[in-house]
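Peer 1: 74 is the number of the first residue of the sequence shown in my numbering; add one for each residue after it. Quick one: structure below, then a few questions.
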Amino acid sequence: MKRSIYLSLVVLFSILAGGCGQMTQKSDIEADRAAIKEVIHNSIGWAATKDKELSFSCFADDPELFWFSPRDDGTVHGYKALVDLTENFFMLDDFKAVGYEIRDLVINISQSGDVAWYHARLDDFNEWRGQPANWEDVRWTGVLEKRDGRWLIVQMHFSSPTDR
């Protein structure tokens, strides 16, 4: 009798412990998704206040950082290129961020938990020398890696649909 009670308690504890582990794992994934979403928003939203340190904190300080822009002159390869683009374009008085909207954002996280990818539609409203310089309904994809506990963008792709 004692043995069956003991076995029942062991089984019950195992089930409860396993369920708690799954709850922790699920909440960790949700916390990661929230952190990733914040990085994605900050990678665009920083421009409103020209907080370049916020921008830089979103990206891997890595020579393999890469993104395609709708125009080839906006394509970035390497962290140094990101810094140069930021200093020599976005930080100029000629550039003014007006606002942005991210729609249909979907974030996926790998089973290993250290890689994530996303896709969304982006409206990015800006002015260059007082004239509109907008990206409207741009397709936006990206990849992030979790490095030293922080989610960092390592690759992005922006493209404009040609069928519209």
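Cβ coordinates follow ideal geometry from the N, Cα and C atoms, glycine included.
When you measure from the CB of R212 to every non-hydrogen atom of the ligand ZN, does any distance come out below 7 Å?
Peer 2: Inclusion of the ligand ZN in the displayed structure is not the case, the ligand content being empty and no account of it being possible.
Peer 1: With DSSP as the reference, label N181 as helix, strand or coil.
Peer 2: strand
Peer 1: Nearest-angstrom Cα distance between L195 and E218?
Peer 2: 21 Å
Peer 1: In the structure shown, what three-state DSSP assignment does T159 receive?
Peer 2: Annotated three-state conformation of T159 is helix, per DSSP.
Peer 1: Rounding to the nearest angstrom, what Cα-Cα distance links W208 and S185 in this structure?
Peer 2: Rounded to the nearest whole angstrom, the C-alpha separation of W208 and S185 is 34 Å.
Peer 1: Strictly by DSSP, which residues pair up with T214?
Peer 2: Beta-bridge pairing links T214 to H192, H230.
Peer 1: Touch check for the segment 111-121 and the segment 163-179: three-plus C-beta pairs under 8 Å?
Peer 2: yes
Peer 1: On the criterion of 16 or more Cβ atoms from any shown chain inside 10 Å, does F162 qualify as buried, or is it exposed?
Peer 2: exposed
Peer 1: Determine the direct distance from the alpha carbon of W224 to that of A108, and round the result to whole angstroms.
Peer 2: 7 Å
Peer 1: Runs of 3 residues minimum, wholly inside the segment 114-178: which ones carry the beta strand (DSSP E) assignment?
Peer 2: Listed in chain order, the complete beta strand (DSSP E) runs (minimum 3 residues) inside the segment 114-178 are 139-141.
Peer 1: Any idea if G222 is buried or exposed, counting beta-carbon neighbours within 10 angstroms, 16 or more meaning buried?
Peer 2: exposed
Peer 1: Report yes or no: do the segment 126-136 and the segment 198-216 share at least 3 C-beta pairs separated by less than 8 Å?
Peer 2: no
Peer 1: Could you check the C-alpha separation between H192 and D236 for me, to the nearest Å?
Peer 2: 19 Å
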